[in-house]
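Heads up, the sequence shown is in the working numbering, so the first residue is 124 and it goes up one at a time.
A virtual CB, placed ideally from N, CA and C, is assigned to each residue, including glycine.
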Amino acid sequence: MKHGTLTKDNHAALWHGRFKEGPDAAAVEFETSIYVDERMAEDDIRGSIAHAKMLGNTGIISQADSSKIVKGLESISKDLKSGKLSIDYSAEDIHSFIEATLTDRIGEPGKKVHTGRSRNDQIALDERLYLKRVIPELQGKLLKLIDILCDIASKNLDTLIPGFTHMQHAQPVTLAHHLCAWAWSLVRDNERLTDALKRIDLSPLGSGALAGSGLPLDREAVAKELGFSGVTPNSLDSVSDRDYCIEFTSCFSLIQMHLSRFSEEIVLWATTEFNFIELSEKWSTGSSIMPQKKNPDFAELIRGRTGKVYGQLTNLLTMMKGLPLSYDRDMQEDKEPLFNAFDTVSSCLNVFTYMIESAKWNKSVMEQGCEGGYLNATDVADYLVRKGLPFRTAHGVSAKAVRIAIENNCKLEDLCVEEFKMCSELIDEDIYDYITPRACVEVRSTTGGPSSKKVKQQIMMLKKIVNSCTKKSAGKK
Ligand code: ARG
Numbered sequence: 124m125k126h127g128t129l130t131k132d133n134h135a136a137l138w139h140g141r142f143k144e145g146p147d148a149a150a151v152e153f154e155t156s157i158y159v160d161e162r163m164a165e166d167d168i169r170g171s172i173a174h175a176k177m178l179g180n181t182g183i184i185s186q187a188d189s190s191k192i193v194k195g196l197e198s199i200s201k202d203l204k205s206g207k208l209s210i211d212y213s214a215e216d217i218h219s220f221i222e223a224t225l226t227d228r229i230g231e232p233g234k235k236v237h238t239g240r241s242r243n244d245q246i247a248l249d250e251r252l253y254l255k256r257v258i259p260e261l262q263g264k265l266l267k268l269i270d271i272l273c274d275i276a277s278k279n280l281d282t283l284i285p286g287f288t289h290m291q292h293a294q295p296v297t298l299a300h301h302l303c304a305w306a307w308s309l310v311r312d313n314e315r316l317t318d319a320l321k322r323i324d325l326s327p328l329g330s331g332a333l334a335g336s337g338l339p340l341d342r343e344a345v346a347k348e349l350g351f352s353g354v355t356p357n358s359l360d361s362v363s364d365r366d367y368c369i370e371f372t373s374c375f376s377l378i379q380m381h382l383s384r385f386s387e388e389i390v391l392w393a394t395t396e397f398n399f400i401e402l403s404e405k406w407s408t409g410s411s412i413m414p415q416k417k418n419p420d421f422a423e424l425i426r427g428r429t430g431k432v433y434g435q436l437t438n439l440l441t442m443m444k445g446l447p448l449s450y451d452r453d454m455q456e457d458k459e460p461l462f463n464a465f466d467t468v469s470s471c472l473n474v475f476t477y478m479i480e481s482a483k484w485n486k487s488v489m490e491q492g493c494e495g496g497y498l499n500a501t502d503v504a505d506y507l508v509r510k511g512l513p514f515r516t517a518h519g520v521s522a523k524a525v526r527i528a529i530e531n532n533c534k535l536e537d538l539c540v541e542e543f544k545m546c547s548e549l550i551d552e553d554i555y556d557y558i559t560p561r562a563c564v565e566v567r568s569t570t571g572g573p574s575s576k577k578v579k580q581q582i583m584m585l586k587k588i589v590n591s592c593t594k595k596s597a598g599k600k
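Structural data, given as structure tokens:
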């Protein structure tokens, strides 16, 4: 027999017995899901092995049949991995393909693997196993990016950069502080995934098509064998619940939104006007007509692919919104959006990390950027507050100084003491020590503030999170 080709007998749809006629070829093409669910082959086999062991241990089938099934499934798994066996895409779905291949290989006992099981609880199990397998990989990518941001931040504790609100110069910060800000959003993304993983840590197997089983299945044993912390409490809910698809895709949407915003900054920062960052040639593209061009296409593509991820979330929410209990075939349509969103976020995380890791930061340009725009106006007010002036009055004094500076087309620090004194008698010669961009940054030593000491603490906190999450995930393997 050619590998990957099922024998005629076992090839028929799992449900063909009731029908006199086979389905129309176009109908089969329309309903098949194997092109999408084939990626869960490994998980499907794992689930079936656990199920078969339980069937043997509970005496529902003989131990001899159980071990034949387990061996057969293991051989399928091995051959799929080595490429000796390829998927037969004429099968309706991955479950049908594996069951048919099993029966091809081991004969009659293969027909017992589906005892006490429905594809409805099987698919719910496969999806949970799949997510439990791949989400930690995605988290590894998030943690790697956080780690790299920390490394760049550590080297830029003193690199001044203008901070913006409304895209207007606001107050000076440091590149380190700015990068840590993005790192914290990724920390939350990682936490959200960990949290969502907790909710899928229950095995739905044994819920059957919708109403459980009359056979003495040991659901708890299967759950334990597969590494779940328990079993789902309601058979109807078990086969109808796709909250986890929506929840994970919502987590993916947030990650992608963060990458997209960060990409927007990269695009801006790579402009001639900003020139804060120089992307490596490996992660830039040129123009077919303009020879001078070096474009930030990768940042743009990440930003552009965000629509796809959000779209998948809307797709899932809409697909589920009208479904009565319990399983409805509509739910087969959950995998494409889930996988597509996952793949998009996963590749965007990779690419974003390469891009940021290989970029050059134009420190002197960033620092020059702190010169204009009166970023230190708040510090003039704070200086006066320290001298006892109410803040609102100090705000007015500083605003007057800014007005004089604008009229003279100069910086605040270019005003002479007399000019400052015209605004407030309280201002003395020492004002200049307080309003250099560096002084403005270093004085901001509130927790979470941009002073180098505080940012160093932030980096330590971030590194600690990365290390403990990495250790935890290594411990689980
Ligand atoms: N391919 C199906 C899905 O992904 C598996 C469950 C099929 N169940 C059924 N009753 N047709 O949802």
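From residue i to residue j, what distance separates their C-alpha atoms?
{"i": "SER200", "j": "PHE153", "result": "27 Å"}
{"i": "GLY492", "j": "THR297", "result": "12 Å"}
{"i": "SER411", "j": "TYR557", "result": "50 Å"}
{"i": "LYS444", "j": "PHE287", "result": "41 Å"}
{"i": "ASN590", "j": "ASP270", "result": "9 Å"}
{"i": "ILE172", "j": "LEU440", "result": "33 Å"}
{"i": "ALA299", "j": "VAL354", "result": "46 Å"}
{"i": "MET290", "j": "SER383", "result": "16 Å"}
{"i": "GLU112", "j": "SER487", "result": "The first residue shown for the chain is 124 and the last is 600, placing residue 112 beyond what the model contains."}
{"i": "LYS125", "j": "ALA136", "result": "Confidence in LYS125 is poor, its pLDDT being 39 and thus under 50, which makes the residue's placement too unreliable to answer from."}
{"i": "ILE378", "j": "VAL468", "result": "7 Å"}
{"i": "LEU338", "j": "ILE183", "result": "7 Å"}
{"i": "ASN463", "j": "SER336", "result": "34 Å"}
{"i": "ARG576", "j": "SER277", "result": "For the sequence presented, residue 576 should be read as Lys rather than Arg. Near 11 Å, if we compare the C-alpha coordinates of SER277 and LYS576."}
{"i": "ASP553", "j": "ALA304", "result": "32 Å"}
{"i": "GLU231", "j": "ASP211", "result": "21 Å"}
{"i": "LYS586", "j": "GLU490", "result": "26 Å"}
{"i": "LEU325", "j": "ALA247", "result": "11 Å"}
{"i": "GLY127", "j": "HIS139", "result": "Any reading at GLY127 needs caution, since the residue's pLDDT is 48, under 50, leaving its predicted position unreliable; the model's value is listed next. Approximately 21 Å, taken between the alpha carbons."}
{"i": "ILE389", "j": "SER407", "result": "12 Å"}
{"i": "LEU280", "j": "SER574", "result": "8 Å"}
{"i": "CYS592", "j": "ASP312", "result": "13 Å"}
{"i": "CYS563", "j": "HIS292", "result": "14 Å"}
Can you tell which of the options has its C-alpha closest to the C-alpha of residue i?
{"i": "TRP307", "options": "PHE385, GLU348 and ALA293", "result": "PHE385"}
{"i": "ASN485", "options": "GLY519, PHE399 and TYR477", "result": "PHE399"}
{"i": "LYS599", "options": "ARG365, SER521, GLY350 and ALA332", "result": "GLY350"}
{"i": "LEU446", "options": "ALA214, SER219, ASP364 and LEU302", "result": "ASP364"}
{"i": "ARG240", "options": "GLY263, SER330 and TYR212", "result": "SER330"}
{"i": "LEU507", "options": "LYS544, SER481 and GLY496", "result": "LYS544"}
{"i": "GLU536", "options": "GLN435, ARG526, THR559 and SER574", "result": "THR559"}
{"i": "LEU302", "options": "LYS579, GLY511 and THR224", "result": "LYS579"}
{"i": "SER352", "options": "PRO327, LYS143 and SER358", "result": "PRO327"}
{"i": "LEU208", "options": "ASP216, LEU549 and PHE220", "result": "PHE220"}
{"i": "ASN357", "options": "ALA334, TYR367 and CYS539", "result": "ALA334"}
{"i": "LYS267", "options": "LEU252, GLU197, VAL310 and GLU396", "result": "VAL310"}
{"i": "ALA149", "options": "SER205, GLY195 and GLU215", "result": "GLU215"}
{"i": "THR395", "options": "PRO419, LYS405, HIS381 and THR372", "result": "PRO419"}
{"i": "SER481", "options": "SER403, GLY263 and THR282", "result": "SER403"}
{"i": "THR361", "options": "ILE323, GLU348 and TRP392", "result": "The question names Thr, but residue 361 in the sequence shown is Ser. The shortest Cα separation from SER361 among ILE323, GLU348 and TRP392 belongs to ILE323."}
For residue i, which of helix, strand or coil comes out of DSSP?
{"i": "HIS292", "result": "strand"}
{"i": "TRP484", "result": "strand"}
{"i": "VAL92", "result": "Absent from the model: residue 92. The displayed extent of the chain is 124 to 600, so no value can be given."}
{"i": "VAL193", "result": "helix"}
{"i": "THR297", "result": "strand"}
{"i": "PHE465", "result": "helix"}
{"i": "GLY519", "result": "helix"}
{"i": "PRO460", "result": "helix"}
{"i": "SER326", "result": "strand"}
{"i": "LEU359", "result": "helix"}
{"i": "PHE287", "result": "strand"}
{"i": "ASN499", "result": "coil"}
{"i": "GLY353", "result": "strand"}
{"i": "ASN418", "result": "strand"}
{"i": "TRP138", "result": "coil"}
{"i": "TYR158", "result": "helix"}
{"i": "GLU343", "result": "helix"}
{"i": "ALA173", "result": "helix"}
{"i": "TYR477", "result": "helix"}
{"i": "ALA304", "result": "helix"}
{"i": "GLY434", "result": "helix"}
{"i": "SER219", "result": "helix"}
{"i": "CYS493", "result": "coil"}
{"i": "LYS587", "result": "helix"}
Inside the region 523 to 575 only - alpha helix (DSSP H) runs reaching at least 4 residues: Taking 4 residues as the minimum length, the alpha helix (DSSP H) runs contained wholly in the region 523 to 575 are 540 to 546, 554 to 557 and 560 to 565, in order along the chain.
Please specify which runs of the alpha helix (DSSP H), each continuous and at least 4 residues long, are wholly inside the region 364 to 415, giving them in chain order. Complete alpha helix (DSSP H) runs here, min 4: 366 to 392.
Entirely enclosed alpha helix (DSSP H) segments - the region 236 to 276, minimum 4 residues: Entirely contained in the region 236 to 276, not one alpha helix (DSSP H) run reaches 4 residues.
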